[in-house]
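Read in order, the letters of the sequence shown correspond to residues 672 to 982 in this note's numbering.
Glycine residues also receive a C-beta, built at the ideal position from the N, C-alpha and C atoms.
In what follows, a single structure is set out as C-alpha cells and then discussed.
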Amino acid sequence: MIQHRQALKQSLSAKLDRVVNDGLQLPGIVAVENKATLLDQLVESIRRVDYVAAVASRPISVNRSDPGSDYFDPIRAAVLKAQAGDVEESSWLVFLATHFGKASRTGWLLTKDVYGALGAGYNWTWPLVSTNPVAMSQWIASNQAVLRSGGRKFGNHRKYESLDPAKSNSTGEIIESYVNWVMQHGSHTGLFSHALMQSGGDPRAAFGMLYRSMGAVKRFGRTGKFDYLTMVAKVGISPIVADSTYMAEATGPIKGARLLFGGTTLANLSAVVLEQKIQELESVLGVGMQVLEDALCNWQKSPGRFVRFRG
C-alpha cells in the first residue's frame, strides 16, 4: 500500500512538472514543501474517491442495509441495492447520506434512525416516500425532539440543516423538493436516463445537466449537488462524470486554485479563468474533477504541511 502511494505520488509529480514545462504556470508549488503537500493531498483524495469502488469489490453484509442494525451504512447499502439492480432505493440512500452527512462522533446514526423510522416497524423507503413525501415530513416534525437527541447529528458539511418545520427549508421541505425533482421524470432511472439521452450519451454533459437541474432541490448548493452526483456515479447508479469543479460557487477549492495558479489565495483570478486552468491541469493529471476540487480545498488550509482532513 505504501509503495503504491509512493509510486502514485511520483507519477503525479512528473505530470505536474510536465504541465509546467508545457507552459501552465503553477507558482503555488514553487516551494518544495508546497508541491510535496499538494501531492500528498492528491493521493489522499484519490484514496477517498476510490473508497466506494474498494467497498463494492468486496462482499457486503446485508446488515449494512438494515437500519435496525448497528452496522447500517447508507453508502454500503446503496452499493448493495445498485448491485441488486434497485436503482431507486440506491439513489434514495445516496440522497439521505448526502443530506444528513456522517457525524464525526456518531457516524450515520441520524440517517439510520430517520430511514428506519426510529424502529417503528417500517422504513422510509423510496416507494413509500415517493408516493407521499409529506407523510415523511410530518413524521420528522413529530419526532424532531428524539431525532435531535442521543448524539444524532448532521455531518460537518450539513451542520446548518434543521429538522424543525418552523424553520425555512427544513429537512422535510428538502425531502419534498427532492422527490418533486426526481418524479418530474417518474423515477431516478428516468431522471438519469433523460440526462444521458439529452446529452447524446456524453457522461460529462449529463453531469452538467443534472447539476443545473438539481438547483430545484432546496438547500443543495454546490457541495451538496456535487457530492450527490459524484456518489451516484461511484455507487454505479449512472455512468456520469463530473465535468467541472464548479469553481464559481466554491469557497475552499477556489482559494486552493488561486494559490496554485496565482501564488496566493487572494490572487486576482476569476472563477472562469481558474476553471480553464483546472481543465488544462486535469487533462494531464487524469485524476478527475472530484479529486482536484477535494485536494485543492484541503491543500489551501495547510499548503506547506500535510494534514489529513475529514469532511
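Rounded straight-line distance, which links the Cα of Leu679 to that of Gly934: If I take the Cα positions, the gap works out to 25 Å.
The stretch 806–820 / the stretch 861–871 touching (three or more Cβ pairs under 8 Å): No: the two stretches stay apart, fewer than three of their Cβ pairs being nearer than 8 Å.
Closest Cα partner of Leu963 within the set Gln681, Gln677 and Leu687: Distance from the Cα of Leu963 is smallest, within the candidate group Gln681, Gln677 and Leu687, for Leu687.
CB contact flag (Ile846, Lys889, <7 Å): Against a cut-off of 7 Å, the Cβ pair of Lys889 and Ile846 comes out as no contact.
Within-7 Å CB hit, Gln712 to chain C: No chain C is present in this structure, which holds just one protein chain.
beta-carbon Ser762 near the ligand MN non-hydrogen atom, thresh 6 Å: Only the bare structure without any ligand can be found here, which leaves the ligand MN out of the picture.
Straight-line gap, Ser801 to Glu920 (C-alpha atoms, nearest Å): Whole-angstrom Cα-Cα distance: 30 Å.
Secondary structure of Ala942, DSSP reduced to three states: Reduced to three states, the DSSP call for Ala942 is helix.
Cα-Cα separation between Cys968 and Trp852, rounded to whole angstroms: So the alpha carbons of these two residues sit roughly 29 Å apart.
Which listed residue (Leu945, Val785, Arg976 and Ala768) has its alpha carbon closest to that of Ala806: Among Leu945, Val785, Arg976 and Ala768, the Cα nearest to that of Ala806 is on Val785.
Alpha-carbon spacing of Ala768 relative to Asn692, whole angstroms: Roughly 42 Å between the two C-alpha positions.
Element boundaries [alpha helix (DSSP H), containing Gln754]: From DSSP, the alpha helix (DSSP H) with Gln754 extends over Pro745 to Gln754.
Residue(s) in a DSSP beta bridge with Ala774: BP columns for Ala774 point to Gly778.
Buried or exposed (CB count within 10 angstroms, at least 16 for buried), His859: With 16 or more other Cβ atoms within 10 Å, it is buried.
Endpoints, alpha helix (DSSP H) assigned at Gln855: Careful: Gln855 lies outside any alpha helix (DSSP H) and carries neither H nor E.
Backbone secondary structure at Asn840 - three-state DSSP: Residue state, collapsed to three classes: coil.
Proximity to His828 [Cα-Cα], best of Ala837, Val701 and Asp898: The shortest CA-to-CA distance from His828 to any of Ala837, Val701 and Asp898 is the one to Asp898.
Where the alpha helix (DSSP H) containing Ile911 begins and where it ends: Element bounds for Ile911: n/a, residue is neither H nor E.
Cβ distance (whole Å) where Leu781 is taken to contact Leu931 below 8 Å: In this structure Leu781 is not in contact with Leu931, their Cβ atoms being roughly 36 Å apart against a cut-off of 8 Å.
Cα-Cα separation, Asn794 to Glu760: Using only the alpha carbons, I get a separation of about 11 Å.
Length of the line joining the Cα atoms of Val720 and Arg776: Going by the C-alpha atoms only, they are around 22 Å apart.
Beta-carbon proximity of Thr916 to Pro924, cut-off 7 Å: Thr916 places its beta carbon less than 7 Å from that of Pro924.
Local conformation of Leu834 per DSSP, three classes: Leu834 falls in the coil class under three-state DSSP.
Cβ distance (whole Å) where Met918 is taken to contact Glu946 below 8 Å: Contact flag correct, Cβ pair sits at about 5 Å.
Proximity below 7 Å, CB of Leu713 to CB of Leu751: Taking 7 Å as the cut-off, the Cβ atoms of Leu713 and Leu751 do not count as close.
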